[in-house]
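In order, the protein sequences belong to chains A and B. First residue of the first sequence? That's 5 in this note's numbering, and the numbers climb one at a time after it. First residue of the second sequence? That's 28 in this note's numbering, and the numbers climb one at a time after it. Beta carbons: idealized from backbone N, C-alpha and C, even for Gly. On a predicted model such as this, the values are computed, not experimentally measured, just so you know.
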Amino acid sequence: MALNSVAGGSPLPLGVPMSFLLHAGLFGAMVINLSQPDPFDVVTAQAVPVEILSSEQFSQITRGMRTAEPLPTEDTPPSAGQSEVDRGTATEGEGRQDAATAADNALATPDTSAAPPPTPVEAEPEPVSEPEPEPIAEPLAPAETGPQSRFSAPNPLVRPDVPVQPVQAAQQQPQEDQFNPDEIAALINRDENQGGGGASDQTPATRGDALGQDEQLSESEMDALRRQIARCWNPPIGAAGASDLVVRVQMNLAENGALQGAARVINSSGNPAFQAAADSALRAVRRCAPYSLPFEKYAAWADVIVNFDPREMLR
Amino acid sequence: MMTQYGVTDRPMARAALTLGLMASLAIAMLLTVARPAHAVLEIDITQGTLEPLPIAIPAFVSTTGDDQIAFDMSTVITGNLERSGLFRPLDPASFIQQGLDAASAPNFAEWRVINAQALVVGQVERQTDGRLRVDFRLWDVFGAEQMIGQQYFTTPDNWRRVAHIISDAIYQRLTGENGYFDSRIVFVDETGPKEARIKRLAIMDQDGANIQFLTTGGDLVLTPRFSPGRQEITYMSYEGGAPRVYLLSIETGQRRLVGNFPGMTFAPRFSPDGGQLVMSLLQNDGYSDVYRFDLSAQTTTRLTSSASIDTSPSYSPDGRQIVFASDRSGQGQLYVMNADGTGQNRISFGSGVYSTPVWSPRGDLVAFTKQQGGRFLIGVMNPDGTGERILTEGFHNEGPTWAPNGRVLMFFRDTPGANGGPQLWTIDLTGFNELRVATPSFGSDPAWSPLLN
Numbered sequence: 005m006a007l008n009s010v011a012g013g014s015p016l017p018l019g020v021p022m023s024f025l026l027h028a029g030l031f032g033a034m035v036i037n038l039s040q041p042d043p044f045d046v047v048t049a050q051a052v053p054v055e056i057l058s059s060e061q062f063s064q065i066t067r068g069m070r071t072a073e074p075l076p077t078e079d080t081p082p083s084a085g086q087s088e089v090d091r092g093t094a095t096e097g098e099g100r101q102d103a104a105t106a107a108d109n110a111l112a113t114p115d116t117s118a119a120p121p122p123t124p125v126e127a128e129p130e131p132v133s134e135p136e137p138e139p140i141a142e143p144l145a146p147a148e149t150g151p152q153s154r155f156s157a158p159n160p161l162v163r164p165d166v167p168v169q170p171v172q173a174a175q176q177q178p179q180e181d182q183f184n185p186d187e188i189a190a191l192i193n194r195d196e197n198q199g200g201g202g203a204s205d206q207t208p209a210t211r212g213d214a215l216g217q218d219e220q221l222s223e224s225e226m227d228a229l230r231r232q233i234a235r236c237w238n239p240p241i242g243a244a245g246a247s248d249l250v251v252r253v254q255m256n257l258a259e260n261g262a263l264q265g266a267a268r269v270i271n272s273s274g275n276p277a278f279q280a281a282a283d284s285a286l287r288a289v290r291r292c293a294p295y296s297l298p299f300e301k302y303a304a305w306a307d308v309i310v311n312f313d314p315r316e317m318l319r
Numbered sequence: 028m029m030t031q032y033g034v035t036d037r038p039m040a041r042a043a044l045t046l047g048l049m050a051s052l053a054i055a056m057l058l059t060v061a062r063p064a065h066a067v068l069e070i071d072i073t074q075g076t077l078e079p080l081p082i083a084i085p086a087f088v089s090t091t092g093d094d095q096i097a098f099d100m101s102t103v104i105t106g107n108l109e110r111s112g113l114f115r116p117l118d119p120a121s122f123i124q125q126g127l128d129a130a131s132a133p134n135f136a137e138w139r140v141i142n143a144q145a146l147v148v149g150q151v152e153r154q155t156d157g158r159l160r161v162d163f164r165l166w167d168v169f170g171a172e173q174m175i176g177q178q179y180f181t182t183p184d185n186w187r188r189v190a191h192i193i194s195d196a197i198y199q200r201l202t203g204e205n206g207y208f209d210s211r212i213v214f215v216d217e218t219g220p221k222e223a224r225i226k227r228l229a230i231m232d233q234d235g236a237n238i239q240f241l242t243t244g245g246d247l248v249l250t251p252r253f254s255p256g257r258q259e260i261t262y263m264s265y266e267g268g269a270p271r272v273y274l275l276s277i278e279t280g281q282r283r284l285v286g287n288f289p290g291m292t293f294a295p296r297f298s299p300d301g302g303q304l305v306m307s308l309l310q311n312d313g314y315s316d317v318y319r320f321d322l323s324a325q326t327t328t329r330l331t332s333s334a335s336i337d338t339s340p341s342y343s344p345d346g347r348q349i350v351f352a353s354d355r356s357g358q359g360q361l362y363v364m365n366a367d368g369t370g371q372n373r374i375s376f377g378s379g380v381y382s383t384p385v386w387s388p389r390g391d392l393v394a395f396t397k398q399q400g401g402r403f404l405i406g407v408m409n410p411d412g413t414g415e416r417i418l419t420e421g422f423h424n425e426g427p428t429w430a431p432n433g434r435v436l437m438f439f440r441d442t443p444g445a446n447g448g449p450q451l452w453t454i455d456l457t458g459f460n461e462l463r464v465a466t467p468s469f470g471s472d473p474a475w476s477p478l479l480n
């Protein structure tokens, strides 16, 4: 009451400007505070198109993670470090990396990539570079590629490289195996599979949108592919220990859905019936090609691993 | 992230921070989400089609005039693979490429057109010494590569055996399972009217060819069983009035009584090493127990002793355990014990009467006969009693015996009526491929030999 009367006593001179200032300040604060969420909204909208990221894609993500688990965690640091080290070692290193990525295009191939580095002779890395490629190359590439590349790629060329280089060498090995100018896309994608940092740079469609959700096949599209393969799969039934007979087949597909290069079995088993199971899986993917898949998502299905798992059928 | 709101009051700093946040977020997303998004597409195929594999088996060729043998060999191979239920030999009339020999590569496109997944090509050539050289190749049509290429030398009259061996090679390569075509069947051939049947032991190839009679039919014979290694069988005969267990050499026809027991002996079966027999021996009290008889030491070991009928013992392939039937619980059930008779455990608990258990040569299953409410069933279960499956039902199904690869069972089934009699049948583990085995007359009590090698 007393305050009111005081305020009433000298009302305008102070009260109005104060109130104006306070309101202006409040408004300003609101503007500031309200403006902040906006950028984040934009980010989330860009990041997660919720209507597309339905359960099947979630499962797809986890599926992808599961198999990729052992590799990417180890691979990403090296590939990140790779570029840093290369930059650090200046021109020579950069040239090497460029050559390596160019080699991914398979036209230049390892020769050119390996050619620049040899001259500078750095003795120290030798012991490092030799042991390193093996642990990386083995889990990724089929066993043969390791030794093969070591023989085919001239050793002196690989050795002088910085410890990072073996990673690239390992990535190039499969290309050396089956080099074929017609298989450029396949080679690129195989690279991607092996977790090399440079691979994603080379799938042009996905570079613009880092999240690339629309690049994934929808569940119904995946189902359609599953059906196409399943109808041609004639698993050996009744083999003892059929549950061990899960066969992983990797295949590269051309844009018309045809097989590109040879489909290959990428796992193994001690089960004597595995050979028959592997054959049946290969027959399935060969017989059913070409596959009908959405062309605009080619990047998502250029490289496919098919797990043939007869356990449910034979139960 | 929310805490960042209050800290920023200058637009520039805020923008920078927002940018930084976005960047780090983008990087985080790139590391976590983008990787799988760019990774290889991985799909699981858990359902295929369980249909026989389409296989093309053109008639084998010969440039030395042995076209008939060549043709017959491909016919035998076709029959074997077709009966297995796992292959669908394609109609030769649909073949585009003709006269393909074993030395040249097929035109795969012409075989793909007719959807042949595998192609068998063979050639028979007579050598200067009179023997036959048989070349055969198994081709993967869609992979355009050879899966098997083999060559055999044999006397001309042995061509059928070579055809079976080739069949086994194809079967093994394409199914991952050992074959069973190079094997024989011993069974009881039954002729004459129902009241006065003449029963003779007979032996034939698994496809019914090359039948031979081992006994003259003077005495009633039952339950012949193959020795795992030798060309020898054991069986029960009523010769001399009472049933006794005998051994018979297939090659010499020589026969001998097993042991010298006071009571009747029946249901003999060899141990996996062929050195011992397990069988039932009738006791004075009317019950029977399981005994083991050592063939070289001629010693007998009693394995069960219960006031019940213990019978039909059958060894596990590792020789460590024996499955047998016993009515000790009131009606016939299956039991497993260690080979020395210890640790007897009941494994069957279903309703009905279980009998004639036979351990699979693969070790993973026990086949049995089961009577349930007037039905006669042949089924399999795991050796621990779980996973019971009935494969077939029919009029007086009896006496299952395993093919050497443990994938197919042969048994006999009666046909009703005055003129009816038992016939041999096979059923595979899927329970769908049931076939009659051709015999010259009625047949019962089949026993499948191991692979002849």
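One or two residues paired with residue i in a DSSP bridge
i	result
A:Q264	A:N256
B:I260	B:F253, B:L275
B:Y342	B:I349
B:G176	B:R164
B:W452	B:F438, B:R463
B:V380	B:Q398
A:P239	DSSP output for A:P239 lists no bridge partner at all.
Close Cβ partners of residue i (< 8 Å) along its chain, the five nearest in sequence each way excluded
i	result
B:G458	R416, I417, L418, T419
B:L80	L113, F114, R115, Q144, A145, L201
B:K221	A445, N446, G447, G448
Beta-carbon contacts of residue i that lie in its chain and below 7 Å, excluding the five residues immediately before and after
i	result
B:D472	F214, V215, L249, T250, P251, G426, F439
B:Q399	S378, G379
B:L127	P85, P133, V148
Listed by chain order, chain A residues near residue i by CB distance under 8 Å
i	result
B:E78	N238
B:Q144	N238, R287, R291
Status (buried if at least 16 other CB within 10 Å, exposed otherwise) for residue i
i	result
B:H191	buried
B:I374	buried
B:P85	buried
A:L7	For A:L7, the predicted model reports a pLDDT of 44, less than 50, meaning its position is unreliable; a value from the coordinates is still stated below. By the 10 Å Cβ count, A:L7 comes out exposed.
B:N107	buried
B:N409	exposed
A:A285	buried
A:M22	exposed
A:D283	buried
A:F299	exposed
B:N311	exposed
B:R434	buried
Contact set between residue i and chain B, taken where Cβ atoms lie within less than 7 Å
i	result
A:L25	Here the premise fails: no neighbours, minimum Cβ distance about 17 Å.
A:L229	I70
A:A304	L68
Cβ-based neighbour list, residue i, same chain, cut-off 6 Å, excluding 5 preceding and 5 following
i	result
B:F403	H423, N424
B:T338	A294, S307, S315, A352
B:A474	V213, P251, R252, F253, T428
B:D321	Q303
B:Y179	V161, V189
B:M174	L165, D167, R200
Closer than 7 Å: residue i CB and nearest the ligand NAP heavy atom
i	result
B:D472	In the structure shown, the ligand NAP is absent, as is every other ligand, since no ligand is present at all.
Amino acids of chain B, ordered along the chain, whose beta-carbon sits closer than 9 Å to that of residue i
i	result
A:R268	Within 9 Å Cβ-Cβ: nothing; A:R268 doesn't reach chain B, min ~11 Å.
A:F312	D71, I72, T73, G75
A:A280	Q199, R200, L201, T202, G203, E204
A:M226	L68, I70
A:A234	I72, T73, Q74, G75, T76
Under 8 Å from the C-beta of residue i: neighbouring residues of chain B
i	result
A:V322	Nothing about residue 322 of chain A can be read from this structure; chain A reaches only from 5 to 319.
A:E316	T73, Q74
A:L221	L68
A:P276	G203
A:D248	Here the premise fails: no neighbours, minimum Cβ distance about 11 Å.
7 Å Cβ cut-off: residues of chain A touching residue i
i	result
B:F169	R287, R290, R291
Q) At which residue ranges does the region 86 to 136 of chain B contain complete beta strand (DSSP E) runs of 3 or more residues, listed in the order of the chain? A) 114 to 116
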